[in-house]
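Peer 1: Top line first, the protein sequences correspond to chains U and W.
First residue of the first sequence? That's 1095 in this note's numbering, and the numbers climb one at a time after it.
First residue of the second sequence? That's 1123 in this note's numbering, and the numbers climb one at a time after it.
C-beta: ideal position from N, C-alpha, C; glycine also.
Below are the structure tokens for one structure; questions will follow.
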Amino acid sequence: AQRVTQPEKLLSVFKGAPVELKCNYSYSGSPELFWYVQYSRQRLQLLLRHISRESIKGFTADLNKGETSFHLKKPFAQEEDSAMYYCALKGGGSQGNLIFGKGTKLSVKP
Amino acid sequence: EPEVTQTPSHQVTQMGQEVILRCVPISNHLYFYWYRQILGQKVEFLVSFYNNEISEKSEIFDDQFSVERPDGSNFTLKIRSTKLEDSAMYFCASSFGGARAIEQFFGPGTRLTVL
């Protein structure tokens, strides 16, 4: 079964602290994974994708096929990082529908 | 920068009524999607649409639901005879490349409340 699991509903850290948002997936083929972010009262927007191996706003995520994980990390959290973060897997369908995790709310305190 | 737009932002309806949720995808995109998110739950795929027909649909997308691209710009989701459990946030998304797309672009969502 295709599934994305984000075990933490809420993650609260202080500004400047490291952040790791966990994501595990279940997928039989070669996965394509994304992190989407939703800031308060804004739309879902792509943060990063594993294929690009990029760093956006200081965030990185590495695909670990052995652990079936795609955790999102940032060494020093900022208050403006506070948002909902969704891990998503491109499903096996022909049109690339996304399978989302339940999301983790990141709260960065001053 | 072009964006996906959705109207209305909030729709309140009585159980059993029909609702139409509207989306305007990004103009050069070819693939269109509807997702929904029940409060406190995950975003779930409903349907994808390409070349004027449904490409894929989930188990959620039963006969109560239909989609249409009536005029080359709008992409609509119709829910016939709404039920209380249809209350959710409905997101429209579009992409240029379907399964090959590097990104789906999401609209701001329509919050549907069924009373």
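Excluding the 5 residues flanking W/L1143 on each side, which residues of the same chain have their C-beta closer than 6 Å to its C-beta?
Peer 2: Same-chain partners within the cutoff: L1199, Y1212 and T1232.
Peer 1: Kindly list, in the order they appear in chain W, the residues whose Cβ is closer than 8 Å to that of U/K1196.
Peer 2: Near U/K1196 (Cβ distances below 8 Å), the residues of chain W are Q1163 and K1164.
Peer 1: Thinking C-beta only, is W/V1141 closer than 8 Å to W/Q1133?
Peer 2: Result yes, Cβ atoms of W/Q1133 and W/V1141 sit closer than 8 Å.
Peer 1: In chain U, which residues lie with their C-beta within 7 Å of the C-beta of W/F1218?
Peer 2: In chain order: nothing, as chain U lies at least about 11 Å away.
Peer 1: Of all the residues that make up the segment 1175-1201 of chain W, which are near chain U by a beta-carbon distance shorter than 7 Å?
Peer 2: The segment 1175-1201 of chain W vs chain U, Cβ under 7 Å: S1177 and E1178.
Peer 1: Show which residues of chain U have a CB atom less than 8 Å away from the CB atom of W/Q1133.
Peer 2: Going along chain U, no residue has its Cβ under 8 Å from W/Q1133, so there is no contact; the nearest lies around 17 Å.
Peer 1: If you measure between the beta carbons of W/F1171 and W/F1197, is that distance less than 8 Å?
Peer 2: It is a contact, given that the beta carbons lie within the stated cut-off.
Peer 1: When burial is assigned at 16 or more other CB atoms within 10 Å of the CB, is U/E1114 buried or exposed?
Peer 2: So U/E1114 counts as exposed.
Peer 1: Which same chain residues, not among the five before or five after U/E1173, have their C-beta less than 7 Å away from its C-beta?
Peer 2: K1109, V1202 and P1204.
Peer 1: Run through the segment 1098-1167 of chain U for me and flag every whole alpha helix (DSSP H) of 4 or more residues, listed as ranges in chain order.
Peer 2: Counting only runs of 4 or more, we get nothing.
Peer 1: Indicate whether at least one CB of chain U lies closer than 8 Å to the CB of W/Q1139.
Peer 2: So, not an interface residue.
Peer 1: U/Y1130 and U/A1095 - do their beta-carbons sit closer together than 8 Å?
Peer 2: Contact: no.
Peer 1: Sorted by chain position, which residues of the same chain lie with C-beta nearer than 7 Å to U/G1186's C-beta, five sequence neighbours on each side aside?
Peer 2: Counting only Cβ-Cβ distances below 7 Å, and skipping sequence neighbours, we find Q1096 and G1123.
Peer 1: Helix, strand or coil, according to DSSP, for W/R1191 in the structure here?
Peer 2: The answer is coil: DSSP assigns W/R1191 none of H, G, I, E or B.
Peer 1: CB-CB under 8 Å to W/R1158, same chain, minus the five flanking residues each way: which ones, in chain order?
Peer 2: The residues are V1165, E1166, L1168, I1182, A1210, M1211, Y1212 and F1213.
Peer 1: Give a yes or no on whether the C-beta atoms belonging to U/L1138 and U/F1153 are separated by under 8 Å.
Peer 2: Not closer than 8 Å, so no.
Peer 1: Under three-state DSSP, which class holds W/R1202?
Peer 2: Residue state, collapsed to three classes: coil.
Peer 1: Would you call W/Q1163 buried or exposed, if buried means 16 or more other Cβ atoms sit within 10 Å of its Cβ?
Peer 2: Its Cβ having fewer than 16 others within 10 Å, W/Q1163 is exposed.
Peer 1: Using the Cα positions of U/K1167 and U/A1155, report the straight-line distance between them to the nearest angstrom.
Peer 2: Straight-line Cα distance between these residues: approximately 6 Å.
Peer 1: Quick check on U/E1173: does DSSP put it in helix, strand or coil?
Peer 2: DSSP places U/E1173 in helix when its eight states are reduced to three.
Peer 1: When the Cα atoms are used, what is the spatial distance from W/P1093 to W/V1146?
Peer 2: One cannot answer for residue 1093 of chain W here, as it falls past the ends of chain W, which runs 1123 to 1237.
Peer 1: For W/H1132, report the span of its beta strand (DSSP E) as first-last.
Peer 2: Looking at the DSSP string, the run of the beta strand (DSSP E) that includes W/H1132 is H1132 to T1135.
Peer 1: List the residues of chain U that W/E1225 touches, going by C-beta distances under 7 Å, in chain order.
Peer 2: Under the 7 Å cutoff, chain U gives L1140.
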